[in-house]
Amino acid sequence: GQSLEQPSEVTAVEGAIVQINCTYQTSGFYGLSWYQQHDGGAPTFLSYNGLDGLEETGRFSSFLSRSDSYGYLLLQELQMKDSASYFCAVRDPAQAGNMLTFGGGTRLMVKP
Amino acid sequence: EAQVTQNPRYLITVTGKKLTVTCSQNMNHEYMSWYRQDPGLGLRQIYYSMNVEVTDKGDVPEGYKVSRKEKRNFPLILESPSPNQTSLYFCASSLKGSPTDTQYFGPGTRLTVL
């Protein structure tokens with residue numbers, strides 16, 4: 161089966177750096193995506209890693225190690241508006257329709 | 305503005321009363337899907353559609369139906385809703401459903417079945 165594990169909750173202070181880890185177990189693997197969801201809002205795409213290594217987009221970076229079935233999202237210079245839930249997701253070619261499977265989400269609370 | 309819209313945004317209904325949640329996208333995307341979101345479980349796919357008249361089951365299809373008669377619309381139908389279908393529902397679309405495509409989500413529909 162498919163499973164993605166990520167911490168349920170992380171707390172950090174404004175200006176700090178936080179890392180949200182994701183380990184996955186899937187039949188196949190096309191890449192790891194990250195989505196952000198504010199309370200009451202829709203998930204929005206943050207980043208995608210198809211190959212090993214680090215992808216950087218402004219304050220956010222995402223890392224993938226396919227050999228370890230592991231990735232993380234790194235948020236730097238945390239701001240209050242970064243308080244949200246973050247989901248890792250894997251698209252598995254072994255699943256019909258290249259289905260996107262999501263982790264349970266990590267709730268990030270940024271404190272002043 | 306490129307977007308995915310859903311209606312209604314909030315719905316309270318009773319067990320057994322058929323309902324439809326509409327979803328529409330204006331990006332000419334081929335791939336559309338429905339997810340339900342429950343606390344601690346993340347988003348789970350209910351049904352997806354690769355194109356017009358092509359639909360298939362996702363992870364949790366029981367109790368749901370969909371149709372894709374036009375490219376832009378992908379309604380979710382609950383023929384006989386039950387309380388365990390109380391959830392937050394999201395419609396999403398992407399260009400072709402390929403691995404590198406970004407999924408765009410609608411604003412969500414919060415459904416309560418009494």
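Top line first, the protein sequences correspond to chains A and B.
Just remember that my numbering sits 160 ahead of the position in the first sequence, which is counted from 1.
Just remember that my numbering sits 304 ahead of the position in the second sequence, which is counted from 1.
No residue lacks a Cβ here, since even glycine has one placed at the ideal position from N, Cα and C.
No experiment lies behind these values; they were computed from the predicted model shown.
Residue i touches chain B at which residues, Cβ-Cβ below 7 Å?
i, result
"Ala202(A)", "Phe394, Phe409, Gly410, Pro411, Gly412"
"Gly265(A)", "Gly346"
"Phe262(A)", "Gly346, Leu347"
"Gly231(A)", "Near Gly231(A) there are no residues of chain B at all, since even the closest Cβ is about 15 Å away, more than 7 Å."
For the beta strand (DSSP E) that contains residue i, what are its first and last residues?
i, result
"Gly366(B)", "One point to set straight first is that residue 366(B) is Glu, not Gly, in the sequence displayed. No beta strand (DSSP E) holds Glu366(B); DSSP gives it neither H nor E."
"Ser391(B)", "391 to 398"
"Glu215(A)", "213 to 217"
"Ile350(B)", "346 to 355"
"Lys322(B)", "That residue, Lys322(B), is in no beta strand (DSSP E); it is neither H nor E in DSSP."
Taking the alpha carbon of residue i as the point to measure from, which residue in the options has its own alpha carbon closest?
i, options, result
"Lys241(A)", "Glu216(A), Phe262(A), Phe247(A), Lys271(A)", "Lys271(A)"
"Ser207(A)", "Ser163(A), Tyr195(A), Gly200(A), Gly201(A)", "Tyr195(A)"
If the cut is a Cβ gap below 9 Å, which residues of chain B does residue i touch?
i, result
"Leu211(A)", "Near Leu211(A) there are no residues of chain B at all, since even the closest Cβ is about 11 Å away, more than 9 Å."
So with CB distances below 8 Å, who are the chain B contacts of residue i?
i, result
"Leu268(A)", "Here the premise fails: no neighbours, minimum Cβ distance about 15 Å."
"Phe220(A)", "Residues of chain B passing the Cβ test: none, with the nearest at roughly 15 Å."
"Phe247(A)", "Gly346, Leu347"
Under 9 Å Cβ-Cβ, which residues of chain A neighbour residue i?
i, result
"Tyr368(B)", "Going along chain A, no residue has its Cβ under 9 Å from Tyr368(B), so there is no contact; the nearest lies around 15 Å."
Give me the chain A residues within the contact set of residue i, using Cβ-Cβ distance strictly less than 7 Å, ordered along the chain.
i, result
"Thr406(B)", "Phe205"
Per DSSP, which residues does residue i bridge with? Please list them.
i, result
"Val417(B)", "Thr317(B)"
"Ala244(A)", "Leu268(A)"
Could you tell me which chain A residues have their CB closer than 8 Å to the CB of residue i, listed as they occur along the chain?
i, result
"Gln365(B)", "The question names Gln, but residue 365(B) in the sequence shown is Pro. Simply none; closest approach about 11 Å."
Contact residues within the stretch 316 to 331 of chain B, judged by C-beta distance below 7 Å to chain A: none
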